[in-house]
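Chemist: Numbering (our numbering), first residue to last: 16 to 441.
Just so you know, even glycine gets a beta-carbon here, dropped at the ideal spot from N, CA and C.
Every value quoted in this text rests on a predicted model; they were computed, and no experiment measured them.
Below: one structure in structure tokens.
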């Protein structure tokens, strides 16, 4: 199978020509019987002659991860607005606005909101949270619905109905430990993490790497809330690790880094991708975070990312630089690739979209995606993205971070065989 590279404008135009020649597309009167696909134009259509594909968004706009959900969702809206302005996809434009739901990072609310929109959308463009997405996954399978998780749980590589993008929390933590050993010369690492699928995925990855590299390992579970991090700081002061890996939200990261540094533990703190929000620099912990913290990620930064991010920055306009916005933009290339393939296959149904996703062997996103992203046709081992870069705090950078360590894959992640989700190995 040839690798598919999806680009704005040219891809849409080529597909429109293909549809015109083949006679397939919106003229098929059965289209309106497909959930989330109508012959009627989108509510705010650029071209009223085109039909509409509705995508759903289940995200956190007011909860603990609103700093992720708000810019991520805005980027998806801006991405599809550009696609529509450039001609849409075949005979359709895409609506990712009508069915946006704030699930408040609550699993029950997430499940409820899925039920509210599932009959009105063709696919879920964003489902924020690993446990939250797992909650709706059985129903999505029954609906033959694909989901774009705003989550990097290692479980997604085993699921046919998800189109995850990026390195899992598990492999990311493996790379952080390898970096701590090889570059920072650490002999003892501690992991501070939330309980549950996200935090446990990172903890297990770090533990696997620590065992592989023969160093001491300290497991510290913590609950959400700035005020709950005192015991964590006390444990770190007692254990005295050479490096600390954190898998929490930015609030807890700031409390831990700031509290530990204030009491004399000034060691490198390496954070899973969701631990970063530039707003933490305005807190009392800001100086300590600037000096000690680095964020792990598999995605290019706001100012990087080739042609894909050039288009993103132009579309963002006056939106403040934000790497969560960048992730929302980059991941949208994958959904675009899936929808374009389904239309090319003349099967714009949920089953057709699912088949199209399962057939993809790669999407490059014009340089905005990690190497190996979008290889859903592969088995779990080859589907897993394993690359990580480390970002340092950089007040002069547009998004307040810049690359400290170029993308790499450590020996633990490189050789690890995924047999089940890491968090199940807790």
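Please name the residue in 225, 69, 255 whose C-alpha comes closest to that of residue 108.
Modeler: Considering only alpha carbons, the answer is 69.
Chemist: Tell me the start and end of each unbroken beta strand (DSSP E) in the stretch 174-237 that is at least 3 residues and wholly inside, in chain order.
Modeler: Runs of the beta strand (DSSP E) inside the stretch 174-237: 203-208, 231-236.
Chemist: Can you find at least 3 beta carbon pairs, one from the stretch 381-388 and one from the stretch 275-284, that sit closer than 8 Å?
Modeler: No, the stretch 381-388 does not touch the stretch 275-284.
Chemist: How many angstroms separate the CA atom of residue 114 from the CA atom of residue 72?
Modeler: One C-alpha to the other measures close to 6 Å.
Chemist: Excluding sequence positions up to five away, which residues of its chain have a Cβ less than 7 Å from the Cβ of residue 407?
Modeler: Same-chain partners within the cutoff: 309, 416, 417, 419.
Chemist: Starting from the C-beta of residue 225, find all residues in its chain whose C-beta is less than 8 Å away, skip the five residues before and the five after it, and write them out in chain order.
Modeler: Cβ neighbours of residue 225 beyond the five flanking positions: 192, 204, 231, 232.
Chemist: Report the rounded CA-to-CA distance for residue 183 versus residue 424, giving the unit in angstroms.
Modeler: Between residue 183 and residue 424, the C-alpha separation is close to 12 Å.
Chemist: Would you call the CB atoms of residue 259 and residue 251 closer than 8 Å?
Modeler: Their beta carbons are under 8 Å apart, which means residue 259 touches residue 251 by this criterion.
Chemist: With distance defined between alpha-carbon atoms, name the residue in 157, 214, 93 nearest to residue 347.
Modeler: Among 157, 214, 93, the Cα nearest to that of residue 347 is on 93.
Chemist: If you draw a straight line from the alpha carbon of residue 257 to that of residue 52, how long is it in whole angstroms?
Modeler: Roughly 54 Å between the two C-alpha positions.
Chemist: Taking the continuous beta strand (DSSP E) assigned at residue 96, which residues delimit it?
Modeler: Looking at the DSSP string, residue 96 is not in any beta strand (DSSP E); the run it does join, the alpha helix (DSSP H), is 81-100.
Chemist: With respect to the beta strand (DSSP E) encompassing residue 51, which residues constitute its N-terminal and C-terminal limits?
Modeler: Looking at the DSSP string, residue 51 is not in any beta strand (DSSP E), and its letter there is neither H nor E.
Chemist: At what residues does the beta strand (DSSP E) containing residue 261 begin and finish?
Modeler: From DSSP, the beta strand (DSSP E) with residue 261 extends over 258-262.
Chemist: Report the rounded CA-to-CA distance for residue 386 versus residue 324, giving the unit in angstroms.
Modeler: When rounded, the distance between both Cα atoms is 16 Å.
Chemist: Which class does residue 290 belong to by DSSP, given the choice of helix, strand or coil?
Modeler: Of the three classes helix, strand and coil, the one that applies to residue 290 here is helix, per DSSP.
Chemist: State the DSSP-derived secondary structure class of residue 310, mapped to helix, strand or coil.
Modeler: Three-state result, residue 310: strand.
Chemist: Out of 88, 279, 171, 91, state which residue places its alpha-carbon closest to the alpha-carbon of residue 248.
Modeler: Checking every option, the nearest Cα to that of residue 248 belongs to 279.
Chemist: Might you give, ordered along the chain, the residues of its own chain that have their beta carbon closer than 7 Å to the beta carbon of residue 129, omitting 5 neighbours on each side?
Modeler: Excluding residues within five positions, the ones whose Cβ falls inside 7 Å are 73, 151, 154.
Chemist: Spatial neighbours of residue 28 within its chain, please: CB distance less than 8 Å, with the 5 preceding and 5 following residues excluded, ordered by chain position.
Modeler: Annotation note: pLDDT 34 at residue 28 (below 50); position unreliable, no value reported.
Chemist: How about residue 207 and residue 228: do their beta carbons lie closer than 8 Å?
Modeler: Not a contact, by the Cβ cut-off of 8 Å.
Chemist: The beta strand (DSSP E) spanning residue 68 covers which residue range?
Modeler: Looking at the DSSP string, the run of the beta strand (DSSP E) that includes residue 68 is 66-74.
Chemist: Based on the DSSP output, what are the partners of residue 436 in its beta bridges?
Modeler: Looking at the DSSP assignment, residue 436 forms no beta bridge with any residue, so it has no partner.
Chemist: Only counting runs of 4 or more residues, tell me where the alpha helix (DSSP H) segments fall wholly within the stretch 108-136, in order along the chain.
Modeler: Complete alpha helix (DSSP H) runs here, min 4: 122-132.
Chemist: Quick check: the Cα distance between residue 61 and residue 333, rounded to an integer number of angstroms?
Modeler: Straight-line Cα distance between these residues: approximately 22 Å.
Chemist: Could you work out which residue in 299, 49, 173, 215 is closest to residue 394 when comparing CA atoms only?
Modeler: When only C-alpha atoms are compared, the closest one is 173.
Chemist: Looking only at its chain, what residues have a beta carbon closer than 8 Å to the beta carbon of residue 370, apart from the 5 residues adjacent to it on each side?
Modeler: Only 357, 360, 362 meet the Cβ criterion.
Chemist: Around the C-beta of residue 216, are 16 or more other C-beta atoms found within 10 angstroms, so that it is buried, or is it exposed?
Modeler: So residue 216 counts as buried.
Chemist: Nearest-angstrom Cα distance between residue 440 and residue 390?
Modeler: Cα to Cα, residue 440 sits roughly 25 Å from residue 390.
Chemist: Which of the three DSSP states, helix, strand or coil, is assigned to residue 283?
Modeler: Coil, per DSSP.
Chemist: Secondary structure at residue 402, three-state DSSP: helix, strand or coil?
Modeler: DSSP places residue 402 in coil when its eight states are reduced to three.
Chemist: Straight-line CA distance for residue 402 to residue 241?
Modeler: Their Cα atoms are separated by approximately 31 Å.
Chemist: DSSP on residue 143, reduced to helix/strand/coil?
Modeler: Three-state result, residue 143: strand.
Chemist: By the 10 Å Cβ neighbour count, where 16 or more other Cβ atoms means buried, how is residue 63 classified, buried or exposed?
Modeler: Result: exposed.
Chemist: Please name the residue, chosen from 100, 234, 221, 372, that lies closest to residue 179 on a Cα-to-Cα basis.
Modeler: Considering only alpha carbons, the answer is 372.
Chemist: Taking the alpha carbon of residue 376 as the point to measure from, which residue in 368, 398, 364 has its own alpha carbon closest?
Modeler: The option with the nearest alpha carbon to residue 376 is 398.
Chemist: Quick check on residue 422: does DSSP put it in helix, strand or coil?
Modeler: Looking at residue 422 - three-state DSSP - the assignment turns out to be strand.
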